[in-house]
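Asker:
What follows is the structure in structure tokens.
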């Protein structure tokens with residue numbers, strides 16, 4: 015999950031903090047100290063994550079675009095400049111824009127706002143923004159909630175008492191509420207010093223940047239793994255299932271659909287590289303066989319593992335999480351009903367691996383996979399009538415198709431209570447009968463008048479002839495010679 | 003969407019009173035005469051649908067779309083009302099399909115215009131709909147049962163869509179009041195019942211249908227809260243295509259669908275086979291597939307002609323079912339058939355800048371078409387490190403092929419719902435158990451194993467992991483062991499890795515000792531499974547070259563023999579088994595040798611046999627005879643095997659402990675405990691692997707073409 019750091023560079027950040035010791039710090043120094051700690055942590059534990067650094071005052075500026083290069087980020091921290099007043103709304107809009115440009119709206123992102131809690135005065139102040147939040151026109155909407163899944167962490171280089179003395183705390187809390195409650199406010203405890211800023215950023219790291227360790231287990235074969243990005247807890251149905259699902263003890267996913275997570279071992283020394291690891295074995299075999307492995311992350315929560323190669327011929331083990339549930343992919347059916355293929359009476363994959371029990375077909379076909387009759391548009395009805403007439407003119411060759419289409423029309427007309435159509439169709443068939451040429455096969459006339467008569471009977475609503483399941487069968491004539499048909 | 007939102011239950015109430023038999027006055031010409039045939043023929047009068055037919059058609063279309071996109075958990079109860087109530091189906095999932103409703107509707111037939119209008123009313127249907135909404139669905143029941151003490155979280159909400167011809171606004175008000183009253187009454191009743199639930203929220207959607215060319219007597223009204231439980235809206239619509247359009251809008255609103263038009267679909271014309279024209283097809287997927295779900299305009303996605311050689315991979319962030327708006331139109335059925343035949347289509351989002359961004363993919367799985375959302379922006383997964391840079395990445399002799407074979411043997415397949423085995427395990431639990439058994443001894447690299455590099459061990463290795471063995475299986479395992487004994491006697495070389503050791507590696511007898519030890523480790527890991535598994539181990543112990551126990555015993559000296567006597571008494575059962583097994587084995591060996599001998603004799607006697615061939619069998623017989631002689635009388639052999647059995651019984655006792663240290667079997671049981679709630683995994687996730695189907699089942703999820 016990418017992180018956008020939004021650092022307050024207004025003049026108020028240069029206010030000195032009172033310390034007993036000899037050295038004098040500005041609030042800015044404390045902020046830089048905290049962020050350095052965060053970046054160092056990420057460089058070690060989260061080196062695959064992208065981070066961007068944005069500074070703001072009345073204007074905002076991207077100091078470092080999204081990168082995995084934590085040295086560049088650190089360097090930018092060391093070369094900060096001081097500007098004028100705090101205008102948070104514009105900066106939040108800026109962050110919203112850069113995140114959307116880079117990652118779109120479906121990628122979850124963490125926004126870390128570092129500020130002294132002096133949120134500006136007058137126009138452009140957070141107070142002013144929040145007061146007018148409901149009177150916005152469409153294109154000047156307040157940037158929160160962010161259009162992408164997000165967490166907004168506010169790191170205050172101030173203690174709670176200081177913030178509560180003004181309305182800063184209230185405003186910041188409103189900000190989190192505007193983001194759908196997604197986020198948290200951190201304040202410093204005790205005097206403003208390096209130690210308390212460390213402790214505050216330590217809390218953020220524990221909350222949002224703890225590495226995700228897991229054990230990948232296949233029977234007795236296991237491997238310790240770390241997962242990037244960290245799978246976040248989700249709530250599937252707030253009403254029935256109000257507790258968010260987390261991967262640690264139960265099972266978990268991010269958003270809807272399948273998100274992809276890299277699964278990867280962190281190794282620092284060569285010794286580790288030389289002892290066999292199950293992940294490498296699994297990856298190799300999945301790649302060679304072109305298979306995926308189903309992985310269970312908690313009760314009713316599944317995902318899959320597969321080998322993912324990039325264009326540079328580097329490949330790694332990837333884990334995609336499915337939406338939590340007992341049947342995440344309809345064409346696999348209920349996961350709990352998947353058992354060892356060797357238990358089946360007959361090998362479902364075939365002796366030569368030519369078959370597959372998947373995909374599972376649904377019990378009822380979807381409308382587009384069956385020949386449904388829809389007459390909402392006149393053209394639908396006309397097409398069906400014409401189809402019957404076309405076949406009527408080619409009797410007796412097209413007897414089967416003629417009756418198939420006739421029965422389809424009959425069924426739909428009966429279901430829709432459209433008896434008038436049955437009568438009209440009967441008349442059309444009778445007319446076709448009179449229009450038959452002398453050279454026509456004698457069977458054609460018999461079939462046409464038989465079909466017309468049957469339709470008329472059905473249109474009477476008489477339960478004997480209007481039964482839905484009943485089919486009109488070809489008349490058995492001396493010419494047709496067909497078997498199995500009703501003799502009238 | 004919450005599972006038990008108002009969309010969980012939809013009750014359709016369709017008016018079947020005599021006035022619904024009235025014509026919609028929308029005329030349809032169905033006599034389309036071709037010019038050549040039209041001479042002298044009077045065209046047939048156009049037909050027109052009744053209000054009833056219009057109502058049925060459009061409501062069935064609503065259901066068709068609903069069932070296409072939500073085959074489960076979104077339920078319809080179809081009610082027809084005249085002088086009485088006809089309830090055409092139930093909330094049961096098995097009743098949720100259009101075919102069943104069509105059959106039931108045919109049985110009801112069109113309204114009878116001659117029926118006494120005084121005793122007919124849509125009110126009967128509305129009352130029945132409220133009663134029906136109180137009835138618990140199987141999903142509500144299941145959730146309530148699983149949630150137990152928090153069962154009250156399961157909500158009961160629903161929607162009533164009433165298709166009728168109302169007399170006036172006052173008439174509409176009367177219908178609304180009736181629903182409100184009935185809800186109050188029914189909620190009281192439901193409070194005291196197990197199979198009923200009070201309605202917490204109900205949306206009444208009244209659709210007034212009137213013939214074309216007439217003025218409406220009922221005015222449209224937006225959604226209004228009539229009480230804390232009931233809200234109501236009124237739509238006054240002309241029959242025919244207006245009504246169809248209205249219900250199409252409603253189904254989109256009610257089920258969060260977003261009209262999406264696929265444009266520029268190239269199709270060949272029947273008449274002009276060598277040219278192709280571009281068509282558009284409108285689909286209804288879930289709103290989650292579009293970027294701006296609040297826009298009411300149709301989303302346009304442009305067809306990208308499939309490139310067959312493309313191996314591009316696309317990150318898919320979600321797959322959603324679709325339903326075509328105009329299911330029978332030619333372009334629509336062309337597209338759906340194309341997809342049902344296994345083809346996929348990439349779709350691009352038109353951008354103002356003119357740049358091409360592929361954002362979606364259409365593809366079918368198991369006869370259902372899904373719109374896949376692809377990630378069209380930068381991926382956070384770009385440039386991942388290679389697995390070779392991580393732990394174990396530098397090891398080069400992984401048993402990749404063997405593990406591939408292992409995965410294929412452990413593939414999954416669906417079993418019917420009722421399939422639970424004697425131990426009440428679900429299929430997936432059985433799969434887990436099988437994986438556990440198959441991995442009890444599974445060295446990951448070639449240089450760690452001897453037996454898995456030997457073709458001769460394969461039959462035993464494949465059988466011993468099985469849950470149950472037949473007598474025949476045991477015999478096959480025993481044959482494998484005898485075969486190994488033969489190999490040892492002949493001093494056949496073994497595929498022992500010399501990696502890491504200096505010189506030529508271990509000597510031949512040392513190699514065999516390593517091999518036998520490994521084989522024992524494998525079989526011991528399964529010895530607890532059944533008595534037949536034990537017999538395989540017994541066979542190995544009896545046949546292997548130098549049982550370590552023998553050497554140990556020499557060192558320990560005679561004093562310890564007293565102790566062994568005690569063990570002997572304890573292990574009497576095993577001992578007896580050992581006797582029978584060994585005598586059986588001996589019989590087997592003798593018979594086999596006899597067979598071989600007779601075979602040799604046949605070859606010898608055959609006049610056609612060339613000389614060199616005769617030598618080999620003779621050698622074999624010579625080789626087989628000395629051990630026979632050295633063994634002496636049977637009683638001596640049994641004496642010897644007796645000792646082995648003693649050693650075995652001693653081994654059985656220490657087996658569990660030994661294994662736990664060697665084979666991480668202890669970990670296995672921990673795992674089982676963890677499942678029962680004892681957790682040492684606060685920092686660890688237990689990921690259980692199942693091997694499944696080939697990649698193709700997921701192929702489309704990852705890469706389209």
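Residue numbers (the working numbering), protein chains in the order written: chain W, 15 to 502; chain S, 3 to 707.
C-beta atoms are modelled at their ideal positions from N, C-alpha and C, and glycine is treated no differently.
1) Looking only at its chain, what residues have a beta carbon closer than 7 Å to the beta carbon of residue 56(S), apart from the 5 residues adjacent to it on each side?
2) Taking all protein chains shown into account, decide if residue 112(S) is buried (16 or more other Cβ within 10 angstroms of its Cβ) or exposed.
3) Does the CB of residue 409(S) have a neighbour CB from chain W at under 8 Å?
4) Are there three or more Cβ pairs, one per stretch, closer than 8 Å when the segment 118-131 of chain W is compared with the segment 83-96 of chain W?
5) Using alpha carbons as the reference points, say which of 230(W), 413(W), 389(W), 476(W) lies closest to residue 49(S).
6) Let me check one thing: in DSSP terms, what residues is residue 400(S) bridge-paired to?
7) To the nearest angstrom, report how far apart residue 451(W) and residue 407(W) are at their CA atoms.
8) At 3 residues or longer, and completely inside the segment 17-61 of chain W: list those beta strand (DSSP E) runs for me, N to C.
9) Could you tell me how far apart the beta carbons of residue 68(W) and residue 109(W) are, in whole angstroms, since I believe they sit closer than 8 Å?
10) What are the boundary residues of the beta strand (DSSP E) that residue 305(S) is part of?
11) Following the continuous alpha helix (DSSP H) through residue 243(S), name the residue where it begins and the one where it ends.
12) Quick one, which residues of the segment 358-373 of chain W are near chain S if we go by CB-CB under 7 Å, in chain order?
13) Going by Cα to Cα distance, which pick from 427(W), 168(W), 343(W) is closest to residue 197(W)?
14) Would you say residue 164(S) faces chain W, with C-beta separation under 8 Å as the test?
15) What separation, rounded to the nearest whole angstrom, lies between the Cα atoms of residue 238(W) and residue 546(S)?
16) Mind checking if residue 5(S) is an interface residue toward chain W, Cβ cutoff 8 Å exclusive?
17) Give a yes or no on contact between the segment 212-225 of chain S and the segment 182-201 of chain S, applying the rule of three or more CB pairs nearer than 8 Å.
18) For residue 194(W), which option in 27(W), 81(W), 158(W), 483(W) has the closest C-alpha, if you only look at C-alpha atoms?
19) Take the Cβ of residue 151(W) as the centre, count every other Cβ of all protein chains shown within 10 Å, and call the residue buried at 16 or more, exposed below.
20) Can you give the beta carbon distance from residue 64(W) to residue 39(W), rounded, assuming they're within the 8 Å contact cut?
21) Report yes if the C-beta distance between residue 30(S) and residue 427(W) is below 8 Å; otherwise report no.
22) Taking just the CA atoms, how far does residue 178(W) sit from residue 204(W)?
23) Measuring straight from C-alpha to C-alpha, what distance separates residue 9(S) and residue 164(W)?
24) Compare the C-beta of residue 367(S) with all C-beta atoms of chain W and state if any pair is closer than 8 Å.
25) The alpha helix (DSSP H) spanning residue 190(S) covers which residue range?
26) Answer yes or no: does any C-beta atom of chain W fall closer than 8 Å to that of residue 461(S)?
27) Excluding the 5 residues flanking residue 329(W) on each side, which residues of the same chain have their C-beta closer than 8 Å to its C-beta?
28) Can you find the residues in the same chain that come closer than 6 Å, C-beta to C-beta, to residue 45(W), ignoring five residues on each side of it along the sequence?
29) Shorter than 7 Å, the distance from the beta carbon of residue 130(S) to the closest heavy atom of the ligand GDP, or not?
30) Could you please give me the residues that DSSP links to residue 270(S) through a beta bridge?
31) Within this structure, are the beta carbons of residue 319(W) and residue 331(W) separated by less than 8 Å?
32) If contact is defined by three or more beta carbon pairs under 8 Å, each pair taking one atom from either stretch, is the segment 373-384 of chain S in contact with the segment 407-417 of chain W?
33) Determine contact between the segment 132-144 of chain S and the segment 170-177 of chain S, defined as no fewer than three beta-carbon pairs at a distance below 8 Å.
34) Relative to chain W, which residues along the segment 102-122 of chain S have a C-beta separation below 7 Å, given in chain order?
35) Taking contact to mean at least 3 C-beta pairs separated by less than 8 Å, is the segment 479-491 of chain W in contact with the segment 172-191 of chain S?
36) Buried or exposed: residue 432(W), going by 16 or more other Cβ atoms within 10 Å of its Cβ?
Answerer: So, from the data block:
1) As a position in the second chain, residue 56(S) is number 54, starting the count at 1. Cβ-Cβ distances below 7 Å link residue 56(S) to 26, 211, 241, 242, 245 in the same chain, with the five nearest sequence neighbours on each side left out; the list follows chain order.
2) On the second chain, residue 112(S) is found 110 positions in, with the first residue counted as 1. In this structure residue 112(S) is buried. Its beta-carbon is surrounded by 16 or more other beta-carbon atoms within 10 angstroms.
3) For the purposes of this step, residue 409(S) is taken as residue 407 along the second chain, with counting starting at 1. Nearest CB-CB separation between residue 409(S) and chain W: below the 8 Å threshold.
4) The answer is no - the segment 83-96 of chain W does not touch the segment 118-131 of chain W, with fewer than three Cβ pairs under 8 Å.
5) One-based indexing of the second chain puts residue 49(S) at position 47. Cα-wise, what sits closest to residue 49(S) is 389(W).
6) For this step, residue 400(S) is matched to residue 398 along the second chain. Answer is 447(S).
7) Residue 451(W) sits at position 437 when you count from the first residue of the first chain. Residue 407(W) sits at position 393 when you count from the first residue of the first chain. Taking C-alpha positions only, residue 451(W) is separated from residue 407(W) by approximately 10 Å.
8) Segments of the beta strand (DSSP E) lying fully in the segment 17-61 of chain W: 17-22.
9) The residue labelled residue 68(W) in the question sits at position 54 within the first chain. The residue labelled residue 109(W) in the question sits at position 95 within the first chain. The C-beta separation of residue 68(W) from residue 109(W) comes to about 6 Å, placing the pair in contact by the 8 Å criterion.
10) Translated into positions along the second chain, residue 305(S) becomes position 303. Following the DSSP letters along the chain, one finds residue 305(S) inside the beta strand (DSSP E) bounded by residues 301-306.
11) Sequence index remark: in the second chain, residue 243(S) carries index 241 (1-based). Segment 243-256, the alpha helix (DSSP H) holding residue 243(S).
12) So the list reads 358, 362, 363, 370, 371, 372, 373, given in the order they occur along the chain.
13) Reading the first chain from its first residue, position 183 is the one you call residue 197(W). With respect to the C-alpha of residue 197(W), the residue from 427(W), 168(W), 343(W) having the closest C-alpha is 168(W).
14) The residue labelled residue 164(S) in the question sits at position 162 within the second chain. Proximity of residue 164(S) to chain W, defined by a Cβ-Cβ separation below 8 Å, is not satisfied.
15) Sequence index remark: in the first chain, residue 238(W) carries index 224 (1-based). Sequence index remark: in the second chain, residue 546(S) carries index 544 (1-based). Residue 238(W) and residue 546(S) have their C-alpha atoms roughly 37 Å apart.
16) For the purposes of this step, residue 5(S) is taken as the residue at position 3 of the second chain. Yes, because at least one Cβ of chain W sits closer than 8 Å to the Cβ of residue 5(S).
17) Taking 8 Å as the limit for Cβ pairs, the verdict is that the segment 182-201 of chain S does not touch the segment 212-225 of chain S.
18) Within the first chain, numbered from 1, the residue matching residue 194(W) stands at position 180. With distances taken between Cα atoms, residue 194(W) lies closest to 158(W).
19) Within the first chain, numbered from 1, the residue matching residue 151(W) stands at position 137. Under the 10 Å beta carbon count, residue 151(W) is surrounded by fewer than 16 other beta carbons and is classified as exposed.
20) The residue labelled residue 64(W) in the question sits at position 50 within the first chain. The residue labelled residue 39(W) in the question sits at position 25 within the first chain. Not really, about 30 Å apart at Cβ, beyond 8 Å.
21) Counted from its first residue, the second chain places residue 30(S) at position 28. Counted from its first residue, the first chain places residue 427(W) at position 413. For residue 30(S) and residue 427(W), no; Cβs fall outside 8 Å.
22) Sequence index remark: in the first chain, residue 204(W) carries index 190 (1-based). Sequence index remark: in the first chain, residue 178(W) carries index 164 (1-based). For residue 204(W) and residue 178(W), the distance between alpha carbons rounds to 15 Å.
23) Looking up residue 9(S) in the second chain gives position 7. Looking up residue 164(W) in the first chain gives position 150. Just so you know, the alpha carbons of residue 9(S) and residue 164(W) end up roughly 28 Å apart.
24) Locating residue 367(S) in the second chain gives position 365, counting from the first residue. Chain W places a beta carbon closer than 8 Å to that of residue 367(S), counting this residue as a contact.
25) By one-based count along the second chain, residue 190(S) stands at place 188. Start and end: 171-193.
26) What you label residue 461(S) is simply residue 459 of the second chain in a count that begins at 1. Put simply, the CB of residue 461(S) is far from chain W, with every gap to its CB atoms at 8 Å or more.
27) Position 315 of the first chain, counted from the first residue, corresponds to residue 329(W). Residues 297, 301, 321, 322, 323 of the same chain have their beta carbon placed closer than 8 Å to that of residue 329(W), with the five preceding and five following residues left out of the count.
28) On the first chain, residue 45(W) is found 31 positions in, with the first residue counted as 1. 128, 171.
29) Looking at this structure, you won't find the ligand GDP or any other ligand, since it has none at all.
30) Stepping through the second chain from its first residue, residue 270(S) is reached at position 268. 278(S).
31) By one-based count along the first chain, residue 319(W) stands at place 305. By one-based count along the first chain, residue 331(W) stands at place 317. Closer than 8 Å, so yes.
32) Flag = no, the segment 407-417 of chain W and the segment 373-384 of chain S do not touch.
33) Touching, no.
34) Result list: 104, 105, 107, 108, 109, 111, 112.
35) No: the two stretches stay apart, fewer than three of their Cβ pairs being nearer than 8 Å.
36) To locate residue 432(W), count along the first chain from 1; it is residue 418. The residue in question, residue 432(W), is buried, as its Cβ has 16 or more Cβ neighbours within 10 Å.
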